[in-house]
Structures are given as structure tokens and as C-alpha cells.
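Student: Sharing a structure here in C-alpha cells format.
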Amino acid sequence: MAKSGTSLKLHKSRLTGVKSQVARTTITIAMGIASSEPISFPALVIRCVGKGFDMSTSSTVFYTLLFVLGYLVAPTTLVWGWMRWIKQGPQLWTISSTLSFLGFLLASASALFALWMMAFALGGGFEHTPNISYYSPNYSLFYQCIRRGSVLALLAIVFAVGGVWRRSRLRWQAPVSAVGILAFWLLATTWP
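Given below as C-alpha cells:
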């Protein structure tokens, strides 16, 4: 599969009129990849939009929103929150500030788990299932990692929303970073 151009076949179905007929067309997109290197979903969306791929507007907006939340907003709010937490002095621990801190801590743990999972994948950790001689990607381990990261992000959202009601250091950074990390995990389900 080391061709000079890799093509991606996508099946597109549309309902036409009242008859509800499903018309299937095959679209081939020349990706221009020199080898069989893997491509991430955000890069695929950018290339498809650049080549004029007819993705529905709602799905384009949805995946763009997930990309912005997962890859831009989440890291920014995590760094900003930790800098704010360290920079300000000791504070009175109220229920609201404790819940915000727990939500922010769980969002940070989920982000660290995501970084570990990417490093594990780059090291070939998901490449082979043990005790099988032929190539077989370990999708079950991959999706177990996504499930655990998503659970951490959901718990972070629950705790962070509990801390929004009163003023604290991480009042807004906790829920925003937790939602951003959950968006990252939702986008990660489209990788393989």
C-alpha cells in the first residue's frame, strides 16, 4: 500500500424526496500521501474540505467544534487553570471550590491519560494482538483506553458543574477543560 496516492472510498447515501429512495454513490478522493502513513481524523477533514468533499454542513460543524474543543480549548484551559492555581495563594476550601478542583484534577488526569495513550500508540502498542502471528491491531485495548478516558472526563464534568455555583479559582476552567477533554475522546473514536 505504498502508492504515491492513497484513495479513500466513502459511501454517501441521500434520501430523495417523498419516495425515500436511497441513492449510493462512491466518491474517491486522492489524498496525496507518499506512503501508507496513518492520517488523523482532523487532518482528513481539512484535506477533504480543501479538495471540495461534499460533507454535510452539520457534520462539518460538529467535527470542527469537536476539533476546536479537544485540541485548542482543552489544553489552553488546562494550562491556564494550573497557572492560576499555582500563582494565587492559599484559599479557603469551600464545597464549591473543592468540587471545582476535583473536576479540574479529573480533567487533568484524563488529559494525561490521553497523552500516555498517544505515546503508547506511537510506540506501536496498539499494533499487534499477543499470541497471533499475523498483523492484527488491538482495537479492544484501544477502545478500552478511550472508554476509561471518557469516564474520567464525564466525572470531571459532574464535579466541575457542581463547583460552578460559587466563586472560586477554577470556577470556569474546570467545566470548560472537562468538556474539551470529552470532545477529544469523542474525536478519538474516529481514529482507527
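According to our numbering, the sequence shown is numbered sequentially starting from 1499.
The beta carbon of each residue, even a glycine, is placed where N, CA and C say it ideally should be.
Computed from a prediction, not measured in an experiment: that's the story for all the values here.
Within 10 angstroms of its Cβ, does Ala1500 collect 16 or more other Cβ (buried), or is it exposed?
Tutor: Caution applies to Ala1500, whose pLDDT of 44 falls short of 50 and renders its modelled position unreliable; the value that the coordinates give is listed next. Its Cβ having fewer than 16 others within 10 Å, Ala1500 is exposed.
Student: Please state whether the Cβ-Cβ distance between Ser1594 and Arg1664 is less than 8 Å.
Tutor: In this structure, Ser1594 places its C-beta atom within 8 Å of the C-beta atom of Arg1664.
Student: Which residues bound the alpha helix (DSSP H) around Tyr1569?
Tutor: Per DSSP, Tyr1569 belongs to no alpha helix (DSSP H) and is neither H nor E.
Student: Do Ser1648 and Leu1576 have their beta-carbon atoms positioned less than 8 Å apart in this structure?
Tutor: no
Student: Does the distance from the CB of Gly1678 to the CB of Val1571 come in under 8 Å?
Tutor: yes
Student: If I measure Cβ to Cβ from Glu1625 and keep anything under 7 Å in the same chain, skipping five residues before and after, which residues do I get?
Tutor: Here the set comprises Pro1635.
Student: So, are the CB atoms of Ser1608 and Ala1658 less than 8 Å apart?
Tutor: no
Student: Name the residue from Leu1563, Trp1670, Phe1602 and Phe1611 whose alpha carbon lies nearest to the alpha carbon of Arg1645.
Tutor: Phe1611
Student: May I ask you to report which of helix, strand or coil DSSP gives Arg1646?
Tutor: Three-state result, Arg1646: helix.
Student: Can you have a look at Met1615 and say buried or exposed, based on whether 16 or more other CB atoms are within 10 angstroms of its CB?
Tutor: buried
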